[in-house]
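Read the structure below first, then the notes.
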Amino acid sequence: MTERTIIIGGGLMGVATLYELAARGVPATLLEAQPTLAQGASYANGGMITASMSDPWNSPGVGKHLAASLFDPYAAMKLRPWALPGLALWGLKFLRNAAPSRYRRATLHCFELASRSAELLRKQITELDLDIDASFAGSMKVFESATKFNEARRMADDLAPLGLAYEAVPSAELSQKEPQLAQAASRFVGGIYFPNDGAGDARAYVEQLNKIAKTKGAEIELGRTVRRILVEGGKVTGVETNEGQLAGTRVVICLGYDAPRLVRGCGARLAIKPAKGYSVTVDARGWNARPRISVVDDAMHAAVSVIGERLRFVGTAEFAGADTRIQQPRIDNLVALFRRLYPHLGNQLDASEMTPWAGLRPMSADGLPYIGPAGLEGLWVNAGQGHLGWTMAAGSAELLADQMLGRAPKVDPGPFLPGR
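Numbering (the numbering used here), first residue to last: 2 to 421.
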């Protein structure tokens, strides 16, 4: 049998995994159904590299917010009625894991992986000379509610022993961290500044890492749709695609929200559902001023990220099945976010130069990604990173490769195992 590892999915997880294996001398072939890479959630995501945002979206009390969102087109987390039947079992797990103890535990585990991953990513950017508009000037989360501000500070205190660097910033000093917040600072009670956070172009990362992986012997085949995993005697033997069969001793599923479909045929279960996120990208070259760091507005659950000379307004989580249609109220919400944070810059916005986008994040029910063996010998998974896909990509690939090759992982794999 061919000693080949087949990776399914050409987004952040797939290409990061391909590069990690190629760098270790492991023969690997990546299959992507689209004619180009990074066409899903990796295409125009928030671009923020933020281990500081490791808390899952199913925070305590999320149930009442989702219920209220049924009647509010502008809700930050939106539940569409037609998606309810497909969310039943997953939704129960999602709500169960919103219990404070489970939520806190997931946050701690995610931070460990995310911080390791961000460290690796910075190293890759430098050593591989990646040109991806990367900057590590920090990020800041701002709060209207004193209660929310204090809750966030307590969570930061919990993560500090694990390596989180942060600074609580009173309202009067917000503009010292981000001068463009001067006019809006008074509406916030304060913020938390995370000096080690950054931002960069995730799609450019995928495209450039792909080229480097190929110089190390990796193979990539575009337009290859995988229909099923081939199994004999309880072992993976390859895949069946739209262009015939491909033999391999290992298969790694990096299909994001669609990963459960393939593993289901092999007897495995992954509690992952799509959560639609939106972005609006603006070219800010020529502006008389623009933000220096990415800023997250806690009340709107959205952010303005800085990617080189572009600004990207990002956020919302919409449970609408696999529907990627752009809903105008969601775009309006993101533009309103920018005007709320930077009222004096609003007159430089030109609707004709805004590029809207929507993509499907792979959201796990417990807030933890699935990384590791998936039951059958030779079957592996790297999926479910949710809103942290860009932040976790390099670390997830390393964690998977370490398990696959029998090396001691830098991060405890237990919390992320598919069989948990």
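Don't be surprised by glycine CBs; every beta carbon is placed ideally from N, CA and C.
Here the structure is a predicted model, which is why all the values come from computation and not from measurement.
Neighbourhood of residue i by C-beta, 6 Å cutoff - its chain only, sequence neighbours within 5 removed
i	result
Gly19	Position check: residue 19 holds Leu in this sequence, whereas Gly was assumed. Counting only Cβ-Cβ distances below 6 Å, and skipping sequence neighbours, we find Ile8, Ala29, Leu31, Ala214 and Ala219.
Ala34	Thr226
Ala398	Ala17, Thr18 and Glu21
Gly64	Leu96
Met49	Ala200, Ser295 and Ser306
Arg291	Ala285
Cys111	Ser55
Glu222	Leu32
Paired residues, beta bridge with residue i - DSSP
i	result
Leu231	Gly239
Thr108	Thr108 pairs with nothing; no bridge assigned.
Ile7	Thr30 and Val252
Lys277	Glu319 and Leu361
Ala384	Tyr371
Phe314	Val281 and Val305
Phe417	Answer by DSSP bridge pairing: none, since Phe417 is not bridged.
Ser136	Ala200
Gln328	None; Gln328 has no bridge partner.
Gly245	Thr242
Thr356	Thr282
Glu378	Lys236
Phe144	Gly191
Asp298	Val143 and Ala303
Gln49	The sequence shown places Met at residue 49, not Gln. Beta-bridge pairing links Met49 to Ala200.
Through-space distance from residue j to residue i, alpha-carbon basis
i	j	result
Pro410	Pro57	23 Å
Met78	Asp159	25 Å
Pro196	Glu241	47 Å
Ile308	Arg286	12 Å
Gly224	Gly10	11 Å
Asp73	Val232	47 Å
Ala337	Pro330	10 Å
Ile230	Gly239	6 Å
Gly164	Leu350	38 Å
Cys267	Ala107	27 Å
Ala169	Pro162	16 Å
Met355	Gly234	54 Å
Gly360	Arg204	13 Å
Asp324	Val297	26 Å
Thr51	Pro180	21 Å
Gly249	Arg311	42 Å
Arg326	Leu263	24 Å
Ala300	Ser53	17 Å
Leu131	Thr216	15 Å
Leu210	Val27	16 Å
Thr127	Arg25	19 Å
Leu93	Trp288	47 Å
Lys212	Gln40	17 Å
Ala153	Thr282	28 Å
Leu109	Met156	9 Å
Cβ pair residue i, residue j closer than 7 Å
i	j	result
Val412	Leu400	yes
Lys142	Gly201	no
Val237	Leu377	yes
Pro357	Ile332	yes
Tyr206	Ile254	no
Leu80	Phe320	yes
Gly385	Gln404	no
Ala369	Pro416	Note on residue identity: the sequence assigns Leu, not Ala, to residue 369. Closer than 7 Å, so yes.
Ser43	Gly15	no
Tyr258	Thr317	no
Ala115	Leu389	yes
Ala183	Ser176	yes
Asn151	Trp391	no
Lys178	Tyr194	yes
Arg251	Thr6	yes
Ala269	Ala375	yes
Ser140	Asp198	yes
Val190	Ala147	yes
Spatial neighbours of residue i in its chain, beta-carbon cut-off 7 Å, leaving aside the 5 residues before and after
i	result
Arg340	Gly347
Trp91	Ala272, Lys274 and Ala366
Ala395	Ala17, Ser118, Leu121, Leu122 and Gln125
Arg188	Glu145
Tyr371	Leu271, Ser365, Val382, Ala384, Gly385, Phe417 and Pro419
Sequence-distant residues of the same chain with beta carbon closer than 8 Å to residue i, five excluded per side
i	result
Gly62	Ala99
Val185	Rather than Val, the amino acid found at residue 185 in this sequence is Ala. Arg341, Leu342, Tyr343 and Pro344, listed in sequence order.
Gln246	Leu231, Gly239 and Val240
Tyr104	Asp56, Pro57, Asn59, Ser60, Pro61, Asn98 and Gly368
Met87	The question names Met, but residue 87 is Gly in the sequence shown. Counting only Cβ-Cβ distances below 8 Å, and skipping sequence neighbours, we find Lys274 and Gly322.
Ala303	Ala77, Val297, Phe314, Val315, Gly316, Thr317, Asn334, Leu335 and Leu338
Pro82	Leu71
Pro101	Pro61
Item to check | Secondary structure, alpha helix (DSSP H): runs of 4+ residues fully inside the segment 165-233 | outcome: 175-178 and 203-216
Next on the checklist: Extract the residue ranges of the alpha helix (DSSP H) inside the segment 58-90, only unbroken runs of 4 or more that lie entirely within it.
Outcome noted: 63-70
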